[in-house]
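Numbering (our numbering), first residue to last: 4 to 699.
Note that beta-carbon positions come from the ideal geometry of N, C-alpha and C, so glycine has one too.
Bear in mind the structure is a predicted one, so any value in this text is a computation, not a measurement.
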Ligand code: ADP
Ligand code: MG
């Protein structure tokens with residue numbers, strides 16, 4: 004019998020493998036390094052590298068790579084084989100501590116936003132000891148940070164690690180002050196739900212827009228859409244189920260606890276969620292998951308679309324970031340316990356979170372944004388671009404009664420025990436939050452779920468931001484608790500701090516329908532920002548408060564922030580450039596010629612008939628088509644002209660692209676969509692939404 008989990012973790016050099024294979028002192032020295040209590044010396048590194056090499060070669064590995072995450076949001080690797088000539092010319096496999104710890108990939112073409120001038124293009128990778136090495140396709144992959152010669156971060160991992168250090172320090176401080184002195188450090192737990200589309204690969208190959216931009220740049224709605232909700236949680240199609248089986252197998256081998264899978268709302272849309280893990284590892288594993296989804300799809304004759312909005316009029320894809328803070332002895336600081344109203348530590352951490360989010364809403368919004376997500380945020384299926392927090396009535400009631408001074412224990416577990424939807428079960432785990440799917444940030448039981456993030460994005464930056472804003476908020480609380488002598492007074496003071504925070508930040512709480520237009524007005528009244536576009540939000544990195552936040556916590560330097568701002572704006576402009584050129588190319592090479600062919604067809608039909616016998620449909624279709632050809636080409640010309648006139652300053656350019664190029668692209672699209680509604684399949688060969696979405 005096949006044992007499905009037998010291979011779990013077989014391709015990861017994890018803790019157990021290390022314990023088994025390393026001499027005791029070496030293993031302990033590695034443990035200390037991971038816990039941030041020591042550094043690896045040369046001998047230890049050599050010993051680990053040696054054991055790693057043997058382990059990897061037993062599994063067929065011939066190469067190793069420093070796997071890193073450049074600021075493009077993806078991952079990068081350069082392979083080196085273990086092979087070296089020995090002193091007598093014989094082939095030898097070598098992998099030293101130095102090769103494990105440090106690399107120089109000379110990856111000078113990655114965007115650095117000015118951090119590296121090309122004449123001093125050196126960038127170095129350093130082993131991230133906190134994320135396990137793994138094997139993929141005969142390559143031993145070593146998770147690394149990527150920094151410049153002068154020590155500035157060129158990637159998204161190093162700042163994340165620094166932010167984890169910052170949240171650990173801040174959270175530990177508060178926990179200690181509140182009386183639990185045993186806690187030495189904290190970490191974050193992150194669970195990333197990944198949405199994606201699967202389509203038949205032939206359609207992907209036939210559409211330049213899908214290939215180059217990951218989304219359809221035009222396409223009229225299919226006669227059937229998602230109105231029946233018959234896809235959502237439906238039985239998984241056979242082809243997809245074979246694909247998922249393969250994906251799971253790959254993920255499990257890499258020690259990724261892929262757990263939940265189901266059809267999503269849109270046709271052809273699915274979701275995969277692993278069990279949460281330490282934040283840094285969760286982010287790495289999500290990068291691997293996205294890669295495995297794409298590659299496995301290819302093997303199955305499918306294409307996996309991770310774009311935030313591949314199809315207009317159909318739900319887009321997001322990535323939900325489930326976030327909590329845990330102590331080194333395993334306590335979840337967002338866990339309300341049985342009596343949340345008396346759980347001061349819980350109240351403090353939730354209050355700190357509200358304050359953090361309300362202080363940096365634009366930063367948080369930006370951290371979850373990218374070019375593709377602009378089509379999703381604020382559309383009627385995704386969180387709006389206004390940041391608010393949904394706590395659920397259970398926790399919200401507790402906070403409000405704390406604030407108003409009325410002792411309300413309504414939410415506590417004793418009274419909640421009356422909840423019993425079925426009889427005969429003595430134990431029913433009762434969710435202490437109901438669900439509000441329209442909220443960008445929701446408290447879901449013992450964690451916050453940040454739902455804005457785009458499906459294609461790395462989860463690194465959003466978690467860096469969550470850590471940073473939370474760390475600052477917690478430090479401010481700790482400052483106020485510091486020096487109070489008696490624990491009872493500390494607790495009184497903590498409650499008073501919570502009351503003040505609720506008073507100052509309750510405007511961020513919202514439990515209504517986040518998709519409604521009333522909310523937009525209400526949010527404006529409350530003074531909550533509503534930044535419409537990604538490119539506009541990028542400016543927040545230049546905001547003084549934000550710069551102080553990151554520099555004071557030693558997460559980003561001023562230089563790094565400037566570089567990130569440049570890279571994001573450059574990327575936006577580059578992606579939009581590809582979209583514009585692809586749209587023009589498809590319109591002129593595919594669409595207009597079929598319009599002309601169809602016009603010719605009706606023209607010839609008309610000519611072949613006696614004048615009196617020409618159906619009025621044909622005459623009006625001829626008129627329609629010839630008008631459409633004119634207006635389609637005119638819209639292309641307008642787009643082309645505006646695009647060539649864009650300013651070269653990267654920020655001004657980005658703004659102009661959003662304000663002017665976006666609407667011009669929509670004009671082209673409108674023409675094509677109008678044509679598609681009646682286009683004859685005889686002349687129009689591009690796959691339509693009805694083909695792409697309903698054929699897997
Ligand atoms: P839903 O779709 O209802 O949001 P899922 O079960 O699909 O729920 O996903 C929930 C995600 O949250 C999973 O990845 C899960 O492992 C993760 N998660 C659960 N508890 C925590 C926690 N304490 N901290 C972080 N993530 C968590
Ligand atoms: Mg979710």
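Query, Result
"Validate contact between the region 164 to 181 and the region 261 to 278 using beta carbons, cut 8 Å, 3 pairs", "no"
"Exposure label - residue 468; buried when at least 16 CB within 10 Å", "buried"
"Cβ-heavy atom distance, residue 384 to ligand 1, below 7 Å", "no"
"Touching by the beta-carbon criterion (3+ pairs, under 8 Å), the region 246 to 262 and the region 103 to 118", "no"
"Residue 532 beta carbon near ligand 1 (any heavy atom closer than 7 Å)", "no"
"Reference residue 78; option with closest CA among 102, 95, 147, 125", "147"
"For residue 555 and residue 196, the rounded distance between their alpha carbons", "32 Å"
"Nearest residue (CA-CA) to residue 246, options 299, 276, 159", "299"
"Residue 326: CB within 7 Å of a non-hydrogen atom of ligand 1", "yes"
"Residue 449 beta carbon near ligand 1 (any heavy atom closer than 7 Å)", "yes"
"Any non-hydrogen atom of ligand 1 closer than 7 Å to residue 601 Cβ", "no"
"Within 8 Å, strictly: CB atoms of residue 502 and residue 406", "yes"
"Backbone secondary structure at residue 682 - three-state DSSP", "coil"
"Nonlocal neighbours in the same chain, by C-beta distance under 7 Å from residue 639, ignoring five residues either side", "587, 590, 591, 671"
"Boundaries (first-last residue) of the beta strand (DSSP E) holding residue 273", "272 to 277"
"Candidates 144, 29, 292: closest to residue 128 by CA position", "144"
"Beta-carbon proximity list for residue 603, same chain, < 8 Å, skipping 5 on both sides", "none"
"For residue 644, the nearest candidate out of 460, 583, 689 (CA to CA)", "583"
"Cβ-Cβ distance between residue 446 and residue 395 below 8 Å", "yes"
"Start-to-end residues for the alpha helix (DSSP H) that takes in residue 470", "463 to 484"
"Cβ separation of residue 443 and residue 390, assumed to be a contact under 8 Å, to the nearest whole Å", "6 Å"
"Closest by C-alpha distance to residue 482, when choosing among 497, 472, 489", "497"
"In DSSP terms, what residue 126 is bridged to", "151"
"Bridge-paired residues (DSSP) for residue 327", "192"
"Exposure of residue 69, with buried meaning 16 or more beta-carbon neighbours within 10 Å", "buried"
"For residue 87, the three-state DSSP class (helix, strand or coil)", "strand"
"Straight-line Cα distance separating residue 451 from residue 423", "Summary for residue 423: the model assigns pLDDT 42, below 50, so the residue's position carries little reliability; its value from the coordinates is reported in the next sentence. Rounded to the nearest angstrom, the two C-alpha atoms are 26 Å apart."
"Cβ-heavy atom distance, residue 267 to ligand 3, below 7 Å", "Ligand 3 is absent from the structure shown, which contains only ligand 1 and ligand 2."
"The alpha helix (DSSP H) enclosing residue 298, as first and last residue numbers", "282 to 302"
"Beta-carbon proximity list for residue 573, same chain, < 7 Å, skipping 5 on both sides", "114, 653"
"The beta strand (DSSP E) enclosing residue 36, as first and last residue numbers", "Here residue 36 belongs to no beta strand (DSSP E); instead the alpha helix (DSSP H) covers 27 to 37."
"Same chain only: Cβ atoms within 6 Å of residue 421, ignoring 5 sequence neighbours per side", "Reliability of the predicted coordinates at residue 421 is poor, the pLDDT of 41 falling under 50, and the value obtained from them is presented with this limitation in mind. Same-chain partners within the cutoff: there are none."
"N- and C-terminal bounds of the alpha helix (DSSP H) containing residue 533", "Neither: residue 533 is in no alpha helix (DSSP H) and is coded neither H nor E."
"Residue 174 Cβ short of 7 Å to ligand 1 heavy atom set", "no"
"Close beta carbons around residue 560, own chain, < 7 Å, minus the five adjacent residues each side", "155, 554"
"Any non-hydrogen atom of ligand 1 within 7 Å of residue 84 CB", "no"
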